[in-house]
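Per UniProt numbering, the very first residue in the sequence shown carries number 1; after that it's consecutive. By construction, the Cβ of each residue, glycine as well, lies at the ideal position given by its N, Cα and C atoms. The model shown is predicted, which means the values in this text are computed figures rather than measured ones. Report on the structure given below.
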Amino acid sequence: MKRLFIAVALASISISAFAAPKSFNIEPTLTTLRFEYTQLGFSNQMHLFDKLNGKILVDCEAKTGSVEVTIDATSVNSGYALIDEHIQDEDFFDSTKYPTITFKSDTMNFDCDKPGRIEGNLTVKGVTKPASMTVTSFQTLRNPALNKDLIGANAIAKFKRTDFNMGKYTPYISDEVTLLIGLEATKE
Numbered sequence: 001m002k003r004l005f006i007a008v009a010l011a012s013i014s015i016s017a018f019a020a021p022k023s024f025n026i027e028p029t030l031t032t033l034r035f036e037y038t039q040l041g042f043s044n045q046m047h048l049f050d051k052l053n054g055k056i057l058v059d060c061e062a063k064t065g066s067v068e069v070t071i072d073a074t075s076v077n078s079g080y081a082l083i084d085e086h087i088q089d090e091d092f093f094d095s096t097k098y099p100t101i102t103f104k105s106d107t108m109n110f111d112c113d114k115p116g117r118i119e120g121n122l123t124v125k126g127v128t129k130p131a132s133m134t135v136t137s138f139q140t141l142r143n144p145a146l147n148k149d150l151i152g153a154n155a156i157a158k159f160k161r162t163d164f165n166m167g168k169y170t171p172y173i174s175d176e177v178t179l180l181i182g183l184e185a186t187k188e
């Protein structure tokens with residue numbers, strides 16, 4: 001009987017771990033933000049942003065939440081310095097004038113008990129447009145080593161370069177850009 005009580009108590013702790021709004025800090029070293037586009041119609045080019053930070057507020061019980069992410073536009077990493085410089089010039093990110101890219105959500109839609117779609121505004125190169133991210137996986141876990149709640153998630157979003165005044169070389173470089181994010185976040 002004592003074991004049953006302990007098992008029920010432990011189960012209720014894990015279920016209630018996300019019963020109220022929780023705020024999480026995105027872990028930059030455990031998060032990857034990649035963007036990709038098609039070049040000349042036959043190869044996908046993939047690049048990373050090496051620096052970002054953000055917060056996630058989520059209430060799985062109430063099925064609400066928000067996301068705020070700030071990306072350092074100067075942290076583009078293609079693996080080739082010449083391309084990195086070109087991507088950061090006026091024709092594309094113009095990172096000298098616009099050093100940050102932001103995404104701020106206003107709606108988090110749930111699919112059953114997990115976030116499914118996040119709606120908000122993407123600001124690139126000083127231009128703000130509505131954007132949505134589809135959450136492809138979302139897990140919560142209590143890390144016993146850190147004694148903190150964690151989130152692990154993957155999401156995808158698409159946007160058009162021309163919407164953000166970055167349309168140079170279209171159609172040789174595709175107008176559509178895909179953003180892929182894999183993140184881990186730790187409860188504050």
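- Within the region 104-148, the complete beta strand (DSSP E) segments of 3 residues or longer fall at 114-124 and 127-143, listed in chain order.
- Assignment of beta-bridge partners to A155 by DSSP yields V135 and I181.
- Taking C-beta atoms under 8 Å as the contact rule, F49 and V177 fail to qualify, at a distance of about 12 Å.
- Between the region 106-121 and the region 77-92 there are fewer than three C-beta pairs closer than 8 Å, too few to call the two in contact.
- For F164, the three-state secondary structure derived from DSSP is helix.
- The C-alpha of L179 lies about 25 Å from the C-alpha of D59.
- Taking the Cβ atoms as the reference, I181 lies roughly 16 Å from Y37, outside the contact range of under 8 Å.
- Counting C-beta pairs closer than 8 Å gives fewer than three between the region 85-102 and the region 135-144, which falls short of the contact rule.
- Closest by C-alpha distance to I118, out of K129, N165 and T134, is T134.
- Partner residues in the beta bridge of Y37, as assigned by DSSP, are Q45.
- Taking the Cβ atoms as the reference, S66 lies roughly 16 Å from L52, outside the contact range of under 8 Å.
- As far as DSSP is concerned, G79 takes part in no beta bridge.
- In this structure, V69 sits near G54, with a CB-CB distance shorter than 8 Å.
- Contact check for D94 against K125 passes: the beta carbons are separated by less than 8 Å.
- A residue is called buried when at least 16 other Cβ atoms come within 10 angstroms of its Cβ; E188 does not meet this threshold and is exposed.
- Just so you know, the alpha carbons of D149 and T96 end up roughly 37 Å apart.
- Look at D84 here: in three-state DSSP terms it is helix.
- In this structure, the CA atom of E184 is about 19 Å from the CA atom of T64.
- Per DSSP, the unbroken beta strand (DSSP E) holding K55 starts and ends at L52 to D59.
- The beta-bridge partner set that DSSP reports for F24 consists of I56 and K187.
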